[in-house]
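Undergrad:
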Amino acid sequence: MIDIALLRGNPDLVRENIRKKFQDNKLPLVDEALALDAQKRALQTEGDALRASRNALSKQVGMLMKEKKTEEANAVKAQVSAGAQRLTEIEEETQSVQERLTQAMMRIPNIISKQTPIGRDDSENVERKRYLEPNVPDFEVPYHLDILEKLDGIDIDSARRTSGQGFYYLTGDVARLHSAVLSYARDFMIAKGFTYCIPPFMIRSSVVSGVMSFEEMDGMMYKIEGEDLYLIGTSEHSMIGRFMNTVIDGDKLPLTLTSYSPCFRKEKGAHGIEERGIYRIHQFEKQEMIVVCKPEDSEAWYEKMWNYTVELFVSLGIPVRTLECCSGDLADLKYRSVDVEAWSPRQKKYFEVGSCSNLTDAQARRLGIRYKTEKGNAYAHTLNNTVVAPPRMLIAFLENHLRADGSVEIPEALRPYMGGITEISVKNA
Numbered sequence: 004m005i006d007i008a009l010l011r012g013n014p015d016l017v018r019e020n021i022r023k024k025f026q027d028n029k030l031p032l033v034d035e036a037l038a039l040d041a042q043k044r045a046l047q048t049e050g051d052a053l054r055a056s057r058n059a060l061s062k063q064v065g066m067l068m069k070e071k072k073t074e075e076a077n078a079v080k081a082q083v084s085a086g087a088q089r090l091t092e093i094e095e096e097t098q099s100v101q102e103r104l105t106q107a108m109m110r111i112p113n114i115i116s117k118q119t120p121i122g123r124d125d126s127e128n129v130e131r132k133r134y135l136e137p138n139v140p141d142f143e144v145p146y147h148l149d150i151l152e153k154l155d156g157i158d159i160d161s162a163r164r165t166s167g168q169g170f171y172y173l174t175g176d177v178a179r180l181h182s183a184v185l186s187y188a189r190d191f192m193i194a195k196g197f198t199y200c201i202p203p204f205m206i207r208s209s210v211v212s213g214v215m216s217f218e219e220m221d222g223m224m225y226k227i228e229g230e231d232l233y234l235i236g237t238s239e240h241s242m243i244g245r246f247m248n249t250v251i252d253g254d255k256l257p258l259t260l261t262s263y264s265p266c267f268r269k270e271k272g273a274h275g276i277e278e279r280g281i282y283r284i285h286q287f288e289k290q291e292m293i294v295v296c297k298p299e300d301s302e303a304w305y306e307k308m309w310n311y312t313v314e315l316f317v318s319l320g321i322p323v324r325t326l327e328c329c330s331g332d333l334a335d336l337k338y339r340s341v342d343v344e345a346w347s348p349r350q351k352k353y354f355e356v357g358s359c360s361n362l363t364d365a366q367a368r369r370l371g372i373r374y375k376t377e378k379g380n381a382y383a384h385t386l387n388n389t390v391v392a393p394p395r396m397l398i399a400f401l402e403n404h405l406r407a408d409g410s411v412e413i414p415e416a417l418r419p420y421m422g423g424i425t426e427i428s429v430k431n432a
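Here the sequence shown stands for residues 4 to 432, numbered as in the working numbering.
(1) For the pair the stretch 359–370 and the stretch 330–344, tell me if three or more CB-CB distances fall below 8 angstroms.
(2) Please report how far the alpha carbon of Val390 lies from the alpha carbon of Leu319, in whole angstroms.
(3) Please name the residue or residues paired with Trp346 in a DSSP beta bridge.
(4) Whether or not the stretch 404–412 and the stretch 287–299 are in contact is what I'm after, with contact meaning three or more pairs of Cβ atoms, one per stretch, closer than 8 angstroms; do they touch?
(5) What's the gap between the Cα of Pro348 and the Cα of Leu258?
(6) Once the 5 residues before and after Asp125 are set aside, which same chain residues still bring their CB inside 6 angstroms of it?
(7) Relative to the C-alpha of Arg418, which candidate in His181, Pro322 and Met215 has its C-alpha closest?
(8) For Glu402 versus Val177, is the C-beta distance shorter than 7 angstroms?
(9) Which first and last residues belong to the alpha helix (DSSP H) in which Phe316 is found?
(10) Would you tell me roughly how many angstroms separate the C-alpha atoms of Ala365 and His384, rounded to the nearest one?
(11) Run through DSSP, which three-state label would Ala273 get?
(12) Quick check: the Cα distance between Ala8 and Val17, rounded to an integer number of angstroms?
(13) Evaluate Ala345 with the Cβ neighbour count: other Cβ atoms within 10 Å of its Cβ, from every protein chain shown; 16 or more gives buried, anything less gives exposed.
(14) By Cβ distance, which residues of its chain are closer than 6 angstroms to Phe316, with the 5 residues on each side in sequence left out?
(15) Using 6 angstroms as the cut-off, classify the Cβ of Thr105 as near or not near the heavy atoms of the ligand MN, replying yes or no.
(16) Would you decide whether Ala273 is buried or exposed? Buried here means 16 or more other CB atoms lie within 10 Å of its CB.
(17) What residue range is occupied by the uninterrupted beta strand (DSSP E) comprising Pro265?
(18) Would you mind listing the beta strand (DSSP E) stretches within the stretch 94–170 that are 3+ residues and don't spill past its ends, in chain order?
(19) By the 10 Å Cβ neighbour count, where 16 or more other Cβ atoms means buried, how is Ile427 classified, buried or exposed?
(20) Say whether the stretch 235–246 touches the stretch 203–222, bearing in mind that this needs 3 or more beta-carbon pairs closer than 8 angstroms, one atom from each stretch.
(21) Please classify Ala52 as buried or exposed, where buried requires at least 16 neighbouring CB atoms within 10 angstroms.
(22) Hey, Met247 and Leu370: beta-carbon distance below 7 angstroms or not?
(23) Look at the Cβ atom of Glu1, then the Cβ atom of Leu326, and state whether they are nearer than 7 angstroms.
(24) Helix, strand or coil for Gln26, going by three-state DSSP, please let me know.
(25) Counting Cβ pairs closer than 8 angstroms, one from the stretch 39–47 and one from the stretch 76–91, do we hit at least three?
(26) Tell me, please, which residues DSSP counts as bridged to Leu326.
(27) If the criterion is Cβ atoms closer than 7 angstroms, does the pair Ala183 and Met396 meet it?
(28) What are the complete alpha helix (DSSP H) segments, minimum 4 residues, inside the stretch 219–244?
(29) Taking the straight line between their C-alpha atoms, what separation do you get for Pro31 and Leu37?
(30) Where does Asn431 fall in DSSP's three states?
(31) Could you give the residue range of the beta strand (DSSP E) that holds Asn380?
(32) Would you mind giving the Cβ-Cβ distance between Tyr263 and Leu185, rounded to the nearest angstrom? I have them listed as a contact below 8 angstroms.
(33) In its own chain, which residues sit with a C-beta less than 6 angstroms from the C-beta of Phe267, not counting the 5 before and 5 after it?
(34) Using 7 angstroms as the limit for Cβ to Cβ distance, is Val429 near chain C?
(35) Given this structure, state the Cα-to-Cα distance separating Met223 from Gly236, to the nearest angstrom.
(36) Three-state secondary structure (DSSP) at Glu70?
In structure tokens:
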């Protein structure tokens with residue numbers, strides 16, 4: 004959510020930002036918010052005047068009563084009573100207007116970075132850099148589900164019976180590999196100075212509406228029937244929500260946190276759930292990184308964070324590239340975002356395995372996350388980034404370390420987390 008002062012002072016900037024995101028349907032929100040803000044301020048002015056008048060009239064009543072001018076005193080009391088009635092009406096009107104203003108402001112997208120390329124969708128994202136030489140083996144790389152089945156590492160048919168489409172069982176060495184990757188990522192981030200956390204996996208609606216736009220909420224979140232609780236789509240949701248309505252000691256910033264969680268997503272929309280495979284699913288696990296910092300530090304942390312993900316993938320021998328997300332590909336709360344994509348030897352192209360975002364103070368304003376400064380309290384900046392998110396990372400791992408005989412090599416960095424084994428061998432030839 005942007006600062007209302009920015010909207011008042013430069014509505015044309017806000018309109019231009021909406022156009023850059025190709026969301027012209029939201030342009031009326033600017034005038035709506037301005038009108039509601041003006042109405043709210045007019046009500047506040049009227050209320051302040053009535054309170055001042057009430058104080059003056061109350062003193063007048065006292066003086067008239069001392070002078071035994073009862074009739075005149077009663078007339079003034081009637082004015083006080085009428086003013087009190089109007090004040091009650093103003094308070095109710097102000098609350099209603101504020102709620103409508105908040106709803107409008109929450110739908111206006113965050114101002115994007117000057118470095119964000121302008122484009123309609125992810126097809127217009129801009130490549131920044133590549134890391135490690137993409138490998139194209141001299142043998143055909145099978146579809147990832149076929150690799151997993153030959154390793155006896157997956158059971159999708161049983162998952163369809165127990166849970167439906169979009170779920171799976173991982174088994175044996177593949178299940179162990181899945182956990183090893185997450186444990187390696189956890190320790191990797193701890194070594195970078197991040198504090199490890201395991202957050203709640205359910206959050207209230209007040210947190211959901213604070214961490215994401217209404218469009219994202221509808222397309223992602225699972226609601227717990229009969230309760231004000233939602234399953235998290237990523238640990239970022241509960242990790243940022245942890246600081247809701249708090250004032251943080253400025254000397255304690257930045258807060259650098261890395262969190263593990265399962266993630267639950269509807270995957271509602273254009274992409275949907277895969278008929279075959281585990282690229283898009285309803286449930287997965289992820290290691291995330293979160294930073295809460297001062298505004299002047301957020302861009303530096305943005306660069307550090309996505310670089311950590313690149314470093315981790317490179318340490319496991321997986322070629323990656325980074326893409327600067329264009330304006331039309333940014334969620335409404337995002338100021339700037341970069342995707343990390345891993346190389347797929349089978350498809351001979353890159354695919355997304357993580358995303359790093361700087362949300363400036365958009366989430367902080369919605370959730371009331373502030374920090375102490377010498378001049379008072381200020382809104383913090385929040386950032387989030389995927390460290391690793393199996394199964395997508397698992398797909399990249401398997402394809403890039405697959406051997407011609409169907410076995411999968413375990414890189415040296417991961418072997419301590421795999422009990423020292425150097426490969427996962429074929430079980431179902």
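Every residue, glycine too, gets a C-beta built ideally from N, C-alpha and C.
From a predicted model like this one, the values you see are computed outputs, not experimental measurements.
TA: Well, looking at it:
(1) Three or more pairs of CB atoms, one per stretch, sit closer than 8 angstroms, so the stretch 359–370 contacts the stretch 330–344.
(2) If you take the alpha carbons of Val390 and Leu319, they lie about 13 angstroms apart.
(3) Under DSSP, Trp346 takes part in a beta bridge, and its partners are Tyr353.
(4) Cβ pair count under 8 angstroms is below three, so no.
(5) Within the model, the alpha-carbon separation for Pro348 versus Leu258 is close to 38 angstroms.
(6) Contacts found: Asp332.
(7) For Arg418, the nearest C-alpha among the options comes from His181.
(8) At the C-beta level, Glu402 and Val177 stay beyond 7 angstroms of one another.
(9) Segment Ser301 to Ser318, the alpha helix (DSSP H) holding Phe316.
(10) The C-alpha of Ala365 lies about 8 angstroms from the C-alpha of His384.
(11) Bear in mind that the predicted position of Ala273 carries a pLDDT of just 49, short of 50, making it unreliable; the figure below should be weighed with that in mind. Looking at Ala273 - three-state DSSP - the assignment turns out to be coil, as it is neither helix nor strand.
(12) Those two C-alpha atoms are separated by around 11 angstroms.
(13) The residue in question, Ala345, is buried, as its Cβ has 16 or more Cβ neighbours within 10 Å.
(14) Non-local beta-carbon contacts of Phe316 in its own chain, meaning distances under 6 angstroms to residues more than five positions away in sequence, involve Val323 in chain order.
(15) No copy of the ligand MN occurs in the structure displayed, which carries no ligand at all.
(16) Summary for Ala273: the model assigns pLDDT 49, below 50, so the residue's position carries little reliability, and this model does not support an answer.
(17) Looking at the DSSP string, the run of the beta strand (DSSP E) that includes Pro265 is Leu258 to Phe267.
(18) You should have 129–134.
(19) By the neighbour-count rule (16 or more Cβ atoms within 10 Å), Ile427 is buried.
(20) Contact annotation: the stretch 235–246 touches the stretch 203–222, with at least three C-beta pairs closer than 8 angstroms.
(21) Label assigned to Ala52: exposed.
(22) Between Met247 and Leu370, the gap from beta carbon to beta carbon is short of 7 angstroms.
(23) Shown here, the chain extends from 4 to 432; a query on residue 1 therefore has no answer.
(24) DSSP places Gln26 in the coil class of the three-state scheme, outside both helix and strand.
(25) Using a C-beta cut-off of 8 angstroms, the stretch 39–47 makes no contact with the stretch 76–91, since fewer than three inter-stretch Cβ pairs fall below that distance.
(26) Under DSSP, the beta-bridge partners assigned to Leu326 are Glu130 and Asp342.
(27) No, the Cβ-Cβ distance between Ala183 and Met396 is not below 7 angstroms.
(28) Counting only runs that start and end inside the stretch 219–244, the alpha helix (DSSP H) elements of at least 4 residues fall at 238–244.
(29) Just so you know, the alpha carbons of Pro31 and Leu37 end up roughly 10 angstroms apart.
(30) Note: Asn431 maps to coil in three-state DSSP.
(31) Taken as a continuous stretch (DSSP letters only), the beta strand (DSSP E) holding Asn380 covers Gly379 to Tyr382.
(32) Indeed, because the Cβ distance is near 6 angstroms, the residues count as touching under 8 angstroms.
(33) If we look at Phe267 and ignore the five residues flanking it on each side, its Cβ neighbours are Tyr225, Leu234 and Gln286.
(34) Here there is only one protein chain, and chain C is not present.
(35) One C-alpha to the other measures close to 7 angstroms.
(36) Coil at Glu70, not helix or strand.
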